[in-house]
Structure formats: C-alpha cells, structure tokens
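A.B. asks: Those protein sequences? They're chains A and B, same order as listed.
When you read off a place in the first sequence, starting at 1, and then add 84, the result is the number in the numbering used here.
When you read off a place in the second sequence, starting at 1, and then add 84, the result is the number in the numbering used here.
Here a beta-carbon is modelled for each residue, glycine too, at the ideal position from N, C-alpha and C.
Right, I'll just put the structure down here and ask away after.
Protein chains: 2
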Amino acid sequence: MMRVVIVGAGFGGIEVARGLGEARIPVTLIDRHNYHLFQPLLYQVATAALSPADIAEPIRKMLRHYSTVGVVLGEVVAIDLGRRTVSLATGPLIPFDLLVLATGATHSYFGHDEWAAHAPGLKTIEDARRIRSRILLAFEQAEVCADPIEQERLMTIAVIGGGPTGVELAGSIAELARYTLSKDFHRIRADTATVLLLEAGDRLLAAFPEALASYAERKLERLGVTVRLRAAVECVEANSIRVAGQEIGVGLVVWAAGVAASSVGSLLGIPTDRLGRVAVNADLSVRGLEHIFALGDLALVTDKSGAPLPGLAQVAKQEGQYLGHALAKKIRKGRIAEPFEFHNRGNTAIIGRHAAIFDFGWWRIRGWLAWMFWAIIHVYLLVGFQHRLLVAVQWLWRYVTYESGARLIVENGE
Amino acid sequence: MMRVVIVGAGFGGIEVARGLGEARIPVTLIDRHNYHLFQPLLYQVATAALSPADIAEPIRKMLRHYSTVGVVLGEVVAIDLGRRTVSLATGPLIPFDLLVLATGATHSYFGHDEWAAHAPGLKTIEDARRIRSRILLAFEQAEVCADPIEQERLMTIAVIGGGPTGVELAGSIAELARYTLSKDFHRIRADTATVLLLEAGDRLLAAFPEALASYAERKLERLGVTVRLRAAVECVEANSIRVAGQEIGVGLVVWAAGVAASSVGSLLGIPTDRLGRVAVNADLSVRGLEHIFALGDLALVTDKSGAPLPGLAQVAKQEGQYLGHALAKKIRKGRIAEPFEFHNRGNTAIIGRHAAIFDFGWWRIRGWLAWMFWAIIHVYLLVGFQHRLLVAVQWLWRYVTYESGARLIVENGE
C-alpha cells in the first residue's frame with residue numbers, strides 16, 4: 085500500500101486526511117501542534133473576546149473515527165526527495181510514497197525581520213496570546229504613568245496592514261478600548277486611546293469591491309479608528325514607528341501587512357514565487373515532483389483567468405477536499421483526477437458590532453445583515469458542537485453586556 | 085485620609101478591597117496578575133477540562149464600581165517599614181499608612197528546590213497550562229515510541245501529595261486518560277496509563293474524617309489510580325522518581341505535596357512559622373506591627389481551640405470580609421473591631437464523576453449527592469455570571485460526552 089504523509093493540519097491538510105481516512109487508506113498526518121486552529125477567529129483571541137480553546141480542536145479528536153489515519157506531533161525540518169522521507173526536529177524519519185504539503189503561511193516583514201520583535205503578527209495561538217497581553221499591559225502601564233506624553237504613547241496602538249486581518253484587529257481593538265476597558269480604568273480614559281490602521285496602498289481591503297471597502301473605512305472611523313492610506317511603514321522600533329517620514333510613538337504595533345508561504349516549501353529545493361508559494365499542476369501536484377502535492381497558502385493555484393487564488397480558508401478547504409478524493413481514487417483505482425476547480429463561497433470581513441461586509445460576486449451586502457451572516461457562518465464552521473455553543477454564548481453575552489471575557493495578561497506573553 | 089495598600093487580589097485581598105470600596109475609602113490594590121483566579125478549579129485547567137479564562141476574572145472588572153479603589157499591576161519586591169512604602173519590581177514606590185498583605189502561598193519542595201523543574205506544582209494559570217501541556221505531550225511521545233519500556237515510562241504519571249489537590253489531580257488525570265485520550269490515540273492504549281498518587285503519611289486527605297478519606301481512596305482505585313501510602317518521595321529527576329527506596333520511571337510528576345506562605349511575608353523581616361506564615365492578633369494585625377495586616381495563606385490564624393485555620397479559600401474570604409469591614413470602621417469611626425471568628429462552611433474534595441466528599445462537621449456526605457453539592461457550589465462561587473454559564477455548559481457537555489474541551493499543548497508550556 086502507498087504510504088501517504090500529510091504535513092500540516094490546517095484547513096487543507098485536515099480535509100485531505102479525512103478524504104483518505106474515509107477511503108480507509110493509511111496516512112500519517114504531521115503537525116507542529118496537537119490542535120487544528122480556526123484561524124478566521126484568531127483576532128478575537130488577540131482582543132480578549134474568546135479563549136484559545138474556543139477556536140482550537142485536538143487533531144486526534146477530529147480524526148478519531150478514521151482508523152487508518154495516524155497523527156504525529158512534530159515539526160518537519162527536512163525532506164529527502166531521493167529516499168522519500170521527511171525528518172522531524174525530534175529526530176525520526178518518516179517514509180512516504182506520496183507527500184502532501186499543507187503548511188500554510190507565516191508573516192513576512194518584507195525583508196525587515198528585525199521588526200518581528202516589536203510588531204508581532206497574528207498566525208498562531210501564541211501570537212494571539214502575546215498580542216492580547218501586550219494590549220492589556222499597555223493600558224495597565226498608562227494607568228500608572230505620571231507623564232502625559234508617555235501615557236499618550238502607551239495608549240497608541242498601530243495596526244500595520246489594511247487587509248481583512250488588519251481591519252478586524254483595528255475594529256475590535258477599538259471596541260475593546262471604547263466599550264470594555266473604558267469601564268475598567270479609573271485614571272486614564274481608555275476610550276480616548278488612538279488606534280491607527282496604516283495601509284501602504286490607496287485603499288483598505290484591496291480584495292473587496294471599492295464600495296464595500298469604503299463602507300468599512302467609514303465604519304472604522306466611526307468606531308474611533310484612525311485610518312491612514314498611502315502610509316507605508318519605514319521603520320518599526322520598540323516604542324515608535326516611522327510612517328511616511330513621520331515618527332509616531334506607540335504602545336504596541338501589530339503586524340497584519342504581509343504573509344509568505346511557510347518555509348517547508350523551500351525544503352523541496354525548487355523555485356517559489358515572490359510569496360514563497362510553490363507552483364502546482366491542475367491536480368495540485370508540484371511541478372516536476374509528481375508524487376508531491378501542495379495546497380492552501382503554500383501553493384500557487386490559479387483560477388480560470390490565470391489569477392492566483394487568495395489565501396483564504398475556503399480555498400485551502402476546497403483544495404483539501406478535492407485532493408483527498410483525488411488521491412483516494414488514484415491509489416484505489418489508478419485513476420487520474422479531474423483538475424481542481426474553485427467555487428467562490430463569498431468573501432467576508434467584519435469591522436465591528438453590526439458591521440461586516442460580504443461579497444458573493446453576484447451579491448454584495450454590508451452592515452447588519454452581513455454581520456448576521458458572518459456570525460452564523462463562522463459559528464457554523466467552527467469544528468465541534470461544543471465550540472459552537474460556547475462561542476455563541478460568549479458572543480451573545482458580549483453583544484448584550486459589551487464585556488470581553490478573556491482579558492488575561494499571561495506571564496510568558498512577551 | 086489614611087492611605088491603605090492591599091497586596092494580593094486572591095480570595096482575601098479582593099474582599100478587603102470590596103469592603104473598603106463600599107465605605108468609599110481610598111485604597112490601592114496591587115497584584116502580579118491583572119486577574120483574580122478561582123484557584124479551587126485550577127486542576128480542571130491542568131487536566132484540559134476548562135480554559136484559563138473560565139476561572140479568571142479581571143480584577144479591574146470586579147472592582148469597577150468602587151471609585152475609590154485603584155488597581156496596580158505589579159510585583160512587590162520590598163517593604164520599607166520606616167518610610168512606610170512598598171516598592172514594585174518595575175521601580176515605583178507606593179506609600180501606605182495601613183498595609184494589608186494577602187499574597188497567599190506557593191509550592192514548597194521541603195528544601196529540594198531542584199525538584200521544581202521536574203515536578204511542577206499547581207498554583208497559577210501558567211502552572212496549569214504547563215501541566216496540561218506536559219500530560220498531553222507524554223501521551224503524544226508514547227504514541228510514536230517504539231520501545232515498550234520507554235512507552236510505559238511515558239505513560240506513568242505520578243502525583244505527589246495526597247491532600248485535596250493531589251486527589252483531585254490524580255482523579256481527573258485518570259479520567260482524562262481513560263475516557264477521553266483513550267479515544268484519541270490509536271497505537272497506545274491511553275486507558276492503561278499508570279496514575280500514581282503518592283502520599284508520605286498513613287492516609288489520604290488528612291484534613292477529612294477517616295471514613296470519607298477511605299471512600300476517596302476506594303473511588304480513586306476504581307478510576308484506575310494507584311494509591312500508595314507511606315510512600316515518601318526521596319528523589320525527583322527528569323524521567324524518574326525514587327519512592328521508599330524504589331526507582332520509578334515517570335513521564336510526568338506533579339507536585340501537590342507542600343505549600344508555604346509567599347515570600348512577601350519575609351519582606352517584613354519578622355519571624356514566621358515553619359510554613360512561612362506570619363503570626364497575627366485577633367484583628368489580623370501582624371504581631372508587633374499594628375499598622376500591617378495579614379490574612380489568608382500568609383497568616384497564621386488560630387481557631388478557638390488554638391489550632392491553625394487551614395489554607396482554604398473560605399478562610400481567606402471570611403478573613404477578607406472581616407478585615408474590609410473592620411478597617412472601614414477603624415478609619416471612619418476610630419472603633420476597634422471585634423476579633424475575627426471563622427465559620428466553617430464545609431470542607432470538600434472531588435474525586436471524579438459522581439464522586440465527591442463533603443464534611444460539614446455536623447453532616448458528612450459522599451458520592452453522588454456530595455458531587456452535586458460540589459458542582460453547584462463551585463459554579464455559584466465563580467465570579468461573574470458569564471463564567472458560571474460557560475463552566476456549567478462545559479461540565480454538562482463533558483458529563484454527557486466524556487470530552488474535555490481544552491486539550492491544547494502550548495509552545496511555551498515547558
């Protein structure tokens with residue numbers, strides 16, 4: 085029997101494992117974490133609305149019913165194409181006949197890796213916990229600060245990058261400060277905190293239609309976010325940033341500007357595009373390495389018009405579903421699969437209470453209805469009924485009381 | 085106006101702040117964390133049943149309505165009795181006229197501090213997260229381990245100390261392995277894991293009546309816990325412990341054997357008892373330092389018979405309520421308070437599903453009814469309605485499905 089190894093248990097990898105598990109094909113799924121993460125809600129952990137466990141599900145539990153699927157906790161550090169093995173950081177070699185790479189993306193600081201220490205990005209639970217601690221700590225420090233200039237600096241939070249993550253973060257940081265922290269602090273007025281959303285381009289949310297993006301901008305401004313367009317960041321230091329020549333003191337910077345494919349792709353020793361993505365064929369096999377497959381944020385997959393598919397959960401998920409079935413057919417019946425085709429289920433971003441945008445291509449909505457859609461779909465997509473219930477209870481609670489439940493500063497948050 | 089400073093926002097300190105806040109007396113509450121922790125349920129975070137935020141409440145939120153109460157995030161590193169100031173690790177000096185110390189307890193390794201690295205205790209959220217990660221990691225390592233002896237070692241978890249914390253931990257680790265992890269792992273049989281509960285004394289739960297303690301022992305054995313009495317630990321190393329001359333390979337050791345008062349007491353430069361506790365007068369003022377008060381696990385308070393009160397949440401809470409009112413009277417009216425008197429509300433410990441013990445003195449119960457009492461009281465005592473709701477939902481869910489929701493291994497868990 086073919087030995088199939090999948091690296092990465094995100095939206096793509098988990099679907100491949102499910103597809104193969106259903107066909108009772110032996111497969112080993114390797115991930116650095118023991119949980120699958122529902123990344124679209126990670127910003128809510130970073131802004132103290134949800135707990136990490138609310139959006140994470142043990143991989144073993146998700147795949148429990150597939151007796152042919154083995155799960156291995158480990159980090160892949162090398163791929164030997166000749167011997168067909170992957171090596172884990174802890175030592176073991178895992179042999180494969182077919183290899184599926186679904187390792188996703190990480191932050192890209194555009195060659196300024198020194199900014200990483202001062203401007204955490206938001207890709208993992210640890211990132212979210214770190215950002216949450218730093219936001220809360222900045223307000224704690226402002227509360228005991230005697231110097232008004234220093235206090236103003238501490239209460240200035242800059243979000244770099246006006247894509248969906250930046251918009252969601254800026255909106256929910258502003259809501260946290262305005263509605264929740266303003267009641268917690270007595271000396272400072274937390275609702276006067278400055279939340280800056282800095283975007284180098286001409287407008288926010290480049291992937292959305294102009295009308296929805298400008299709606300988002302107006303809504304953010306009304307929440308108290310200062311949106312600055314054509315504001316390229318030139319320098320990030322511990323307590324300040326330089327934007328378009330201007331020095332701005334900041335209590336915290338969050339990086340939501342750039343992502344690049346995870347470095348596992350580079351382990352293959354083949355050329356990648358500017359974002360580190362691996363070129364694949366129509367069946368998601370890597371060009372020139374037909375026994376290796378790549379999907380999700382790691383793979384450069386194009387639509388019919390030749391444009392690359394965006395780095396969205398739904399793209400990775402559909403690719404994973406496709407590849408699971410395609411590989412099962414290939415292994416069981418030796419059949420070659422139809423090419424992968426992406427079906428757009430709608431692109432969405434949330435700005436705040438009652439405010440979201442939804443672009444289905446043929447239908448564009450914004451405001452209250454889009455927000456309801458967003459909430460229902462995201463609760464529905466969460467893995468496991470317990471998570472849905474807990475998250476729904478917390479959202480309802482927050483909606484009624486303006487309270488965010490998980491305002492913890494953790495010791496190793498820095 | 086008198087400047088009152090409280091150090092520690094546990095069960096004792098928070099009550100003092102409330103009492104003074106209600107009397108509109110200015111007070112500064114200092115804590116190392118920004119949250120109040122409901123420690124009695126910490127073992128459920130350590131065993132993946134609850135999330136940290138379920139049992140932690142922001143201190144600022146709890147005291148939000150008291151406009152005279154200031155909250156400061158910081159660690160007290162020195163107390164100057166002459167100048168009447170406390171210094172924080174970050175630098176600032178905070179002056180006081182009356183000082184209340186409510187800093188609780190920490191682990192004590194009986195002079196073997198080198199054991200701390202291998203045998204984490206359970207006092208903080210970070211401790212709980214660390215233990216949770218290590219338990220889950222041991223099973224992950226066993227799953228990929230080829231050597232059966234090493235596998236057996238990894239699946240041996242030793243809990244040192246047969247008090248309530250040790251009993252609760254051992255019981256819920258056994259339940260986690262037997263009911264939840266056994267479904268997650270395919271190669272290993274997680275339900276065959278060895279959970280050792282080691283107690284140096286003659287019996288478990290020395291603070292409970294003999295009959296309840298032996299019921300707990302029987303219940304633990306039925307859950308699969310191996311209880312060893314008169315088993316003093318002589319050595320703790322990374323992968324093994326020595327107990328009564330016998331070397332035992334272990335995947336994880338958890339320390340639940342000893343506590344000592346937090347070292348803040350020693351900053352006073354006065355003698356303490358064997359457990360680091362400070363002797364106090366009947367009004368909880370420190371002997372010889374009448375403008376300083378101590379309570380909770382830090383204070384040696386005796387009952388009418390002269391026996392020291394145990395280190396329980398209800399003791400700290402009653403002392404805090406007493407001291408809040410007593411200090412308010414003293415400051416407002418110059419009146420000297422009645423001496424503190426403890427009212428026993430019942431002592432409880434939980435062993436597992438359907439199994440708890442409750443000792444009210446005049447009434448002793450065990451089993452299903454005690455378990456219901458335990459659950460209702462603990463949910464009721466949780467701060468905040470949201471926490472009660474979330475925890476109740478999760479308990480109910482776990483009761484029906486045998487699932488623990490928060491099985492996350494975190495990166496900085498080690």
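Express the C-alpha separation of GLU227/A and GLN266/A in angstroms, rounding to a whole number.
C.D. replies: Against the first sequence, residue 266/A aligns to sequence position 182. Against the first sequence, residue 227/A aligns to sequence position 143. According to the sequence provided, residue 266/A is Ser. The question's Gln does not apply to it. The alpha-carbon atoms of SER266/A and GLU227/A are separated by roughly 11 Å.
A.B. asks: Scan the region 220 to 252 of chain A for residues whose Cβ lies nearer than 7 Å to a Cβ of chain B and list them as they occur along the chain.
C.D. replies: The residues in question are LEU220, GLU224, VAL228.
A.B. asks: List the endpoints of the continuous beta strand (DSSP E) containing GLN330/A.
C.D. replies: Your numbering for residue 330/A matches position 246 in the first sequence. Residues 330 to 333.
A.B. asks: Work out the CA separation of GLU259/A and GLN405/B for me, nearest whole Å.
C.D. replies: In the second sequence, the residue the question calls residue 405/B occupies position 321. In the first sequence, the residue the question calls residue 259/A occupies position 175. So the alpha carbons of these two residues sit roughly 35 Å apart.
A.B. asks: Would you kindly work out how many angstroms separate the C-alpha atoms of THR31/A and LYS303/A, rounded to a whole number?
C.D. replies: Missing from the structure shown is residue 31/A; chain A here goes from 85 to 498 and no further.
A.B. asks: Secondary structure at VAL475/A, three-state DSSP: helix, strand or coil?
C.D. replies: As a position in the first sequence, residue 475/A is number 391, starting the count at 1. The answer is helix: DSSP assigns VAL475/A an H, G or I state.
A.B. asks: Tell me, please, whether the region 268 to 276 of chain B touches the region 147 to 155 of chain A by the rule of three or more beta-carbon pairs shorter than 8 Å.
C.D. replies: As far as the Cβ criterion goes, the region 268 to 276 of chain B touches the region 147 to 155 of chain A, which means the pair count is three or higher.
A.B. asks: For the pair the region 484 to 496 of chain A and the region 181 to 189 of chain A, tell me if three or more CB-CB distances fall below 8 Å.
C.D. replies: These segments do not touch.
A.B. asks: Could you name the residues of the same chain whose beta carbon sits closer than 7 Å to that of ALA459/A, not counting the 5 residues immediately before and after it, in chain order?
C.D. replies: Along the first sequence, read from residue 1 onward, the residue named residue 459/A stands at position 375. So the qualifying residues of the chain are TRP479.
A.B. asks: Cutting at 7 Å between CB atoms, please list the residues of its own chain near ALA93/A, excluding the five before and the five after it.
C.D. replies: Position 9 of the first sequence, counted from the start, is the residue given in the question as residue 93/A. The answer, listed in chain order, is LEU113, ASP115, HIS120, ILE143.
A.B. asks: With a threshold of 8 Å, are at least 3 pairs of Cβ atoms found where one atom belongs to the region 238 to 251 of chain B and the other to the region 161 to 181 of chain A?
C.D. replies: Contact between the region 238 to 251 of chain B and the region 161 to 181 of chain A is absent, because fewer than three Cβ pairs lie under 8 Å.
A.B. asks: Here's a check: name, in chain order, each residue in its chain whose Cβ is nearer than 8 Å to the Cβ of ARG287/A, leaving out the five neighbours to either side.
C.D. replies: In the first sequence, counting from the first residue as 1, residue 287/A sits at position 203. Closer than 8 Å at Cβ, skipping near neighbours: GLY246, GLU294, ALA297, SER298, GLU301, LEU313.
A.B. asks: Strictly under 9 Å for the Cβ-Cβ distance: is GLY489/A near chain B by that measure?
C.D. replies: Working through the first sequence from its first residue, we reach residue 489/A at position 405. Chain B contact via Cβ: present.
A.B. asks: So, does the CB of LEU282/B fall closer than 9 Å to a CB anywhere in chain A?
C.D. replies: Within the second sequence, residue 282/B is the residue found at index 198, counting from 1. Chain A, which has no Cβ nearer than 9 Å to the Cβ of LEU282/B, makes this no.
A.B. asks: Under a CB-based cut-off of 9 Å, is GLU331/A close to chain B?
C.D. replies: Within the first sequence, the letter at position 247 stands for residue 331/A. No, GLU331/A does not count as interfacial toward chain B.
A.B. asks: Could you tell me whether the Cβ atoms of LYS207/B and GLN128/B are closer together than 9 Å?
C.D. replies: Residue 207/B sits at position 123 when you count from the first residue of the second sequence. Residue 128/B sits at position 44 when you count from the first residue of the second sequence. Result no, Cβ atoms of LYS207/B and GLN128/B do not sit closer than 9 Å.
A.B. asks: Enumerate, from N- to C-terminal direction, the unbroken beta strand (DSSP E) stretches of 3 or more residues contained entirely within the region 146 to 221 of chain B.
C.D. replies: Counting only runs of 3 or more, we get 153 to 157, 160 to 164, 169 to 172, 177 to 179, 182 to 185, 189 to 191.
A.B. asks: Grab the span of the alpha helix (DSSP H) containing VAL129/A for me, first residue to last.
C.D. replies: Residue mapping note: residue 129/A aligns to position 45 of the first sequence, counting from 1. 126 to 130 is the span of the alpha helix (DSSP H), which, as asked, contains VAL129/A.
A.B. asks: Assuming HIS91/A and VAL348/A are in contact, meaning their beta carbons sit under 8 Å apart, how far apart are those beta carbons, in whole angstroms?
C.D. replies: As a first step, residue 91/A must be located in the first sequence, where it is residue number 7. As a first step, residue 348/A must be located in the first sequence, where it is residue number 264. Strictly speaking, residue 91/A in this sequence is Val, with His absent from that position. Yes, they are in contact, since the Cβ atoms of VAL91/A and VAL348/A sit about 6 Å apart, within 8 Å.
A.B. asks: Which same chain residues, not among the five before or five after GLU422/A, have their C-beta less than 6 Å away from its C-beta?
C.D. replies: As a working note, residue 422/A is residue 338 in the first sequence. Hits under 6 Å: none found.
A.B. asks: For the alpha helix (DSSP H) that contains GLY404/A, what are its first and last residues?
C.D. replies: Along the first sequence, one-based indexing puts residue 404/A at 320. 397 to 417 is the extent of the alpha helix (DSSP H) around GLY404/A.
A.B. asks: What in chain B is Cβ-close to PHE269/A, meaning under 8 Å?
C.D. replies: Numbered from 1 along the first sequence, position 185 holds the residue referred to as residue 269/A. Chain B residues near PHE269/A: ARG144.
A.B. asks: Below 8 Å between beta carbons is the criterion; list the residues of the region 107 to 127 of chain A that meet it against any residue of chain B, in chain order.
C.D. replies: Going along the region 107 to 127 of chain A in chain order, one finds HIS117, ASN118, TYR119 with a Cβ nearer than 8 Å to chain B.
A.B. asks: Among residues of its own chain, excluding the 5 on either side of ILE435/A, which ones have a beta-carbon nearer than 8 Å to its beta-carbon?
C.D. replies: In the first sequence, the residue the question calls residue 435/A occupies position 351. The answer, listed in chain order, is VAL251, GLU252, GLY255, ALA300, LYS303, LEU304, LEU307, ILE441.
A.B. asks: Can you check whether the CB of VAL343/B is closer than 9 Å to the CB of SER192/B?
C.D. replies: Counted from its first residue, the second sequence places residue 192/B at position 108. Counted from its first residue, the second sequence places residue 343/B at position 259. Yes.
A.B. asks: Please list the residues of the region 313 to 342 of chain B that have a C-beta atom closer than 7 Å to any C-beta atom in chain A, keeping them in chain order.
C.D. replies: The residues in question: there are none.
A.B. asks: Suppose you measure from the CA of VAL463/A to the CA of ARG416/A; what does that come to, to the nearest Å?
C.D. replies: Counting from 1 along the first sequence, the entry for residue 463/A is found at position 379. Counting from 1 along the first sequence, the entry for residue 416/A is found at position 332. In a straight line, the C-alpha of VAL463/A is about 36 Å away from that of ARG416/A.
A.B. asks: Helix, strand or coil, according to DSSP, for ARG87/B in the structure here?
C.D. replies: By one-based count along the second sequence, residue 87/B stands at place 3. In the structure shown, ARG87/B sits in coil (DSSP, three-state: anything other than H, G, I, E or B).
A.B. asks: Applying a beta-carbon distance threshold of less than 8 Å, which residues of chain C neighbour LEU473/A?
C.D. replies: Judged by its chain identifiers, the structure shown contains no chain C, and its protein chains are A and B.
A.B. asks: Bridge partners for PHE377/A per DSSP, in chain order?
C.D. replies: One-based indexing of the first sequence puts residue 377/A at position 293. Beta-bridge pairing links PHE377/A to VAL184/A, SER369/A.
A.B. asks: For the region 174 to 193 of chain B, which residues have a CB atom closer than 8 Å to at least one CB atom of chain A, in sequence order?
C.D. replies: So the close ones are PRO176.
A.B. asks: I need the straight-line Cα distance from THR356/B to LEU384/B, nearest angstrom please.
C.D. replies: Translated into positions along the second sequence, residue 356/B becomes position 272. Translated into positions along the second sequence, residue 384/B becomes position 300. Approximately 9 Å between the Cα atoms of the pair.
A.B. asks: Listing by chain order, which chain A residues have their CB less than 8 Å from the CB of VAL91/B?
C.D. replies: For the purposes of this step, residue 91/B is taken as the residue at position 7 of the second sequence. Per Cβ cutoff of 8 Å: no residues; VAL91/B is ~15 Å from chain A at best.
A.B. asks: Closer than 9 Å, CB to CB, is PRO136/A near chain B or not?
C.D. replies: The count along the first sequence starts at 1 and reaches residue 136/A at position 52. Closer than 9 Å: yes.
A.B. asks: Using a threshold of 8 Å, is the CB atom of GLU318/A nearer than that to any non-hydrogen atom of the ligand FAD?
C.D. replies: Looking at this structure, you won't find the ligand FAD or any other ligand, since it has none at all.
A.B. asks: Strictly below 8 Å CB to CB, what residues from chain B border ALA200/A?
C.D. replies: Here residue 200/A refers to the residue found at position 116 when the first sequence is read from its first residue. The contacting residues do not exist; ALA200/A stays about 16 Å from chain B at best.
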